[in-house]
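Residue numbers (the working numbering), protein chains in the order written: chain R, 21 to 496; chain V, 11 to 406. Below is one structure, written out as structure tokens, with a few remarks after it.
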Amino acid sequence: MEFEAVIGLEIHIELNCATKLFCDCPNNPGDEANINTCPVCLWFPGSLPRLSRAALEKAALLCLGLNCEIQTKSAFDQKIYYYPDQPKGYQLSQAHQPLARGGWVDITDEDGSVKRLRIHHVHMEEDVAKLMHELDGRTPVSLVDFNRAGAPLVEIVTEPDFRTPHQAMEFLKTLRTQVRYVGSSECSMENGTMRADANISIRPKGTDQMNTKVEIKNMNSVRHVGDALAHEISRQSTAVRSGEAITEHTRLWDADKKTTLPMREKFEAPCIPDPSIPEIIIQPDEISAWRAQLPEMPAALAERFVKQYGLSTEEATYLGSDPETASYFEELIRHGVAARTAMHWVSTQLLPALRQRNLELTHSPVTPQRLARLLAMLAADEINAAAARDVLSLMFDSDAPPDDIVKARGLGQVSDTDELATLVERVLSEHTAAVADFKSGQAKAMGFLIGQVMQASGGKANPKVIKEMLARTLSV
Amino acid sequence: MDSVFSYQNPDPSGSDGTLSGLKIAVQPTIGIAGWPAVAGSEALAGYSSPDDATVIERLKQNGAVLAGMTHANELGLGINGKSTAGSPTGAKTTDAELLLDLAGEARLSAARNNLWGFKPSWGLVPRSGIAGLVPSMEACGILANDPGTIGTVLKVIAGPDERDFSQPQLEYREVSIESIKPEQFTLGIIEEATTLLSGDTRDAFHQQMSELKKAGFQIRTLSWPGYGLCLVVHRLVGSVEASSAAGRYDSVRFGRRAPGAKNWNEMYLQSRGAFFGTLVKSYLIQGAYFQFERYDAYENACRIRARLLKVAARLFTQTDALVLPAQKPVDAGTLDRLYEQCKFTAYANVVGLPAMYVPPASAGNHGFELAAAQGACGRVIALGEYLHRLRAGGKA
């Protein structure tokens with residue numbers, strides 16, 4: 021029997037707000053332990069939560085960026101469970117009345133078709149503290165760092181629309197792009213600002229059964245999600261084939277051993293309306309105002325890039341994969357670079373060079389203005405492409421204008437025919453066999469001869485000019 | 011003195027302001043920076059408050075003298091032999107007292123000490139800095155020897171506070187005593203409350219009503235269907251909220267920790283088991299039962315409460331204020347005793363009304379209770395002042 025998977029995702033995203041969700045403590049979990057705490061996020065007797073307006077707005081923008089419907093009325097509940105990372109015996113979360121419902125993300129499926137994956141709802145909640153267990157020494161101790169306690173999170177719960185690991189991975193990538201566009205979070209699974217859990221069950225292909233699902237946690241990258249789901253599909257299929265019953269429980273992905281391991285039975289915490297946080301009432305005109313703040317989203321931007329700059333859909337989607345790349349590209353164009361050249365240089369030169377140096381595009385020492393100047397010199401034949409690549413590399417270590425670097429390194433292109441004529445003559449006389457090949461109709465030999473002249477010029481000759489000169493000389 | 015105060019201010023000096031010279035004692039559920047704030051609980055032994063509660067900030071700013079802290083029943087729940095709320099003011103050592111009214115504690119402490127006791131409308135007085143237990147029902151109450159002093163203190167502590175996000179949009183509006191004209195003032199009696207009375211308490215209540223009638227008030231009997239459910243709703247919703255609210259007393263960040271636990275779960279169980287008293291423990295366990303096992307019953311209680319709120323609001327279209335019976339408190343050692351104790355007070359916590367205990371004109375008799383619509387604290391206090399002046403033989 022052939023099986024198919026039914027997968028739904030639960031994604032936690034840490035909002036990049038300046039403060040925590042219910043107090044004014046800085047939202048910097050990585051600082052020295054317990055520095056960013058106050059009577060509210062430590063839940064001393066008598067402290068009361070005060071919902072952050074900024075967090076509500078960031079959460080709302082995120083929802084709108086995912087095509088969700090913001091609810092005019094939402095509310096916080098207490099999700100009750102005891103654990104030392106939880107300073108009050110419950111987590112404030114929106115269980116009964118979430119901030120937004122509905123929504124979707126469109127992905128490109130394996131066969132190239134567009135698949136719409138639906139979101140069930142998005143709710144706000146607070147993060148918990150971080151536990152550190154020190155097991156060495158005579159008495160093992162557990163230390164609690166409350167810096168993260170109360171950090172603002174949203175949880176995105178999808179419909180069980182996914183059938184393959186590929187769809188789950190594409191969903192996460194597209195979701196990440198869209199959330200970065202609205203500016204609510206960096207969404208890094210590696211840094212923990214985006215965390216994804218999956219619910220997965222299997223059923224005979226072509227049926228609409230909803231079977232017992234298993235929850236998978238601890239997947240720290242998009243690739244882990246794909247690997248863990250693929251593993252779990254095969255684990256469950258094998259189990260069902262051998263007549264084993266699937267029970268509802270939680271499993272942890274072990275990335276090193278590439279396997280999922282059972283953790284615990286699934287525990288459903290009761291959720292009680294919180295009496296100290298008033299209902300959140302959002303007026304329709306507030307929603308309109310937020311909607312007006314949304315930037316051009318990636319799908320619309322890619323469509324525009326295709327129309328406006330004549331790029332292919334793949335190229336446009338690539339440039340639109342994060343807002344910084346898209347805006348860098350458009351900056352180059354504003355500085356007079358041709359669209360195709362800009363696309364080519366950003367994707368094949370600039371971004372790899374940044375990656376190599378571990379730099380973010382937003383902190384690139386090669387600004388669009390400087391790169392545009394370099395590309396202008398290339399377009400004007402003042403330098404050749406090889407020299408331009410060398411200059412780009414030098415620009416990472418120098419603030420000097422590209423013109424100065426070219427001059428200082430003597431990388432200016434030689435287009436002077438008198439100067440080049442001597443080199444052309446010398447190469448022709450040294451490579452008579454290649455000349456004979458060319459004359460007998462082997463066009464390839466031209467490339468060889470151009471290469472030889474380039475080499476003789478120390479890489480500075482203008483290949484276009486050489487080609488013209490060679491062609492003229494040989495056709496005589 | 012030791013038996014009345016759990017802590018006495020070593021420097022009881024006030025400053026200039028509208029409360030200058032007024033001596034006030036507070037319950038140890040109310041935080042005062044640097045003072046012990048143990049809320050009557052072993053679980054909080056050694057804890058002192060990092061900040062002033064908002065009500066304390068306001069008392070200090072207005073020149074009041076903070077005399078000390080009384081003894082409280084654990085986490086302010088109910089009153090029994092341990093609680094000394096009302097004693098210092100009854101002995102005229104202090105002029106007024108603040109204490110949490112979760113189910114009627116302020117009014118019951120007043121009844122026990124022959125004082126006037128007031129529970130404000132829910133949310134009018136900020137709760138920030140007060141270790142509460144039943145957030146949707148509790149309010150910071152005021153005790154004094156006369157309703158005028160209660161009004162003076164209320165005026166200072168009431169009003170919006172940016173630390174208490176839960177407050178409804180309420181401002182304290184004073185009502186002048188001159189505006190109380192008995193012949194134009196209706197006092198409603200709730201039929202469902204008076205039927206609960208028997209024997210001498212019933213006789214006393216009727217006696218008081220006839221005196222009010224003699225004073226010229228329009229007395230009107232009203233029906234509040236569901237009044238009897240207030241107690242059940244309080245007991246269920248109150249225990250659920252308490253179970254959550256007490257979750258922060260986990261011995262991790264403050265409070266006492268029982269030694270010898272092998273893991274965190276044991277640490278919780280042993281610490282809470284060792285340091286919470288029986289009454290609080292049974293309340294929390296009851297609340298946890300409804301949270302984990304009978305959420306449907308909790309939801310029903312919330313629905314009934316919403317209906318009680320509607321009906322209560324409608325009552326005040328037919329009357330200016332309510333007059334309700336009051337009883338001398340029994341000691342609250344068990345949950346059943348606690349709810350026997352607050353049989354005639356819990357309604358005001360369930361529907362958030364301002365309510366005032368009016369002591370009997372002569373000691374030994376029964377007092378009664380006044381209540382008005384949500385937000386109408388000024389009316390209750392003015393009415394109290396009118397009655398107080400009437401008794402003193404003054405012309406109202």
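Where a beta carbon is used, it is the ideal one built from N, C-alpha and C, also for glycine. Since we're looking at a predicted model, the values are computed, not measured.
Simplified DSSP assignment, three categories, for residue i
i, result
"residue 365 of chain R", "helix"
"residue 209 of chain R", "coil"
"residue 278 of chain V", "helix"
"residue 11 of chain V", "Because residue 11 of chain V carries a pLDDT of 43, less than 50, the predicted location of this residue cannot be relied on, and the following value inherits that uncertainty. Three-state DSSP puts residue 11 of chain V in coil, outside helix and strand."
"residue 433 of chain R", "coil"
"residue 42 of chain V", "coil"
"residue 27 of chain R", "strand"
"residue 136 of chain R", "strand"
"residue 150 of chain V", "strand"
"residue 314 of chain V", "helix"
"residue 146 of chain R", "strand"
"residue 111 of chain R", "strand"
"residue 492 of chain R", "helix"
"residue 15 of chain R", "Beyond the ends of chain R as shown, which are 21 and 496, falls residue 15 of chain R; an answer cannot be given."
"residue 448 of chain R", "helix"
"residue 385 of chain R", "coil"
6 Å CB neighbourhood of residue i in its chain, flanking five on each side removed
i, result
"residue 405 of chain R", "none"
"residue 286 of chain V", "53"
"residue 15 of chain R", "Any answer about residue 15 of chain R is impossible in this case: the structure gives chain R only from 21 up to 496."
"residue 124 of chain V", "369 and 373"
Where residue i falls, given that 16 or more other Cβ within 10 Å makes a residue buried
i, result
"residue 42 of chain R", "buried"
"residue 446 of chain R", "exposed"
"residue 44 of chain R", "exposed"
"residue 230 of chain R", "exposed"
"residue 313 of chain V", "exposed"
"residue 111 of chain V", "buried"
"residue 277 of chain V", "buried"
"residue 34 of chain R", "buried"
"residue 31 of chain R", "buried"
"residue 211 of chain R", "exposed"
Chain R within 7 Å of residue i, Cβ atoms only
i, result
"residue 138 of chain V", "yes"
"residue 26 of chain V", "no"
"residue 306 of chain V", "no"
"residue 132 of chain V", "no"
"residue 384 of chain V", "no"
"residue 258 of chain V", "yes"
"residue 302 of chain V", "yes"
"residue 41 of chain V", "yes"
"residue 153 of chain V", "no"
"residue 17 of chain V", "no"
"residue 262 of chain V", "yes"
"residue 11 of chain V", "With a pLDDT of only 43 at residue 11 of chain V, under the threshold of 50, the placement of this residue in the model should not be trusted; the figure read from the coordinates follows. No - not a single Cβ of chain R is within 7 Å of the one on residue 11 of chain V."
"residue 14 of chain V", "no"
Short CB-CB distance (under 7 Å) between residue i and chain V
i, result
"residue 118 of chain R", "no"
"residue 66 of chain R", "yes"
"residue 113 of chain R", "no"
"residue 98 of chain R", "yes"
"residue 109 of chain R", "yes"
"residue 94 of chain R", "no"
"residue 136 of chain R", "no"
"residue 63 of chain R", "yes"
"residue 101 of chain R", "no"
Neighbourhood of residue i by C-beta, 7 Å cutoff - its chain only, sequence neighbours within 5 removed
i, result
"residue 367 of chain R", "338"
"residue 307 of chain V", "246 and 300"
"residue 377 of chain V", "121, 336, 367, 368, 369 and 370"
Beta-ladder partner(s) of residue i, from DSSP
i, result
"residue 197 of chain V", "V:229 and V:331"
"residue 301 of chain R", "R:93"
"residue 282 of chain R", "R:271"
"residue 107 of chain V", "V:35 and V:153"
"residue 165 of chain R", "R:150"
"residue 32 of chain R", "R:175 and R:215"
Any non-hydrogen atom of the ligand PLP within 6 Å of residue i CB
i, result
"residue 345 of chain R", "Here there are no bound small molecules, and the ligand PLP is not part of this structure."
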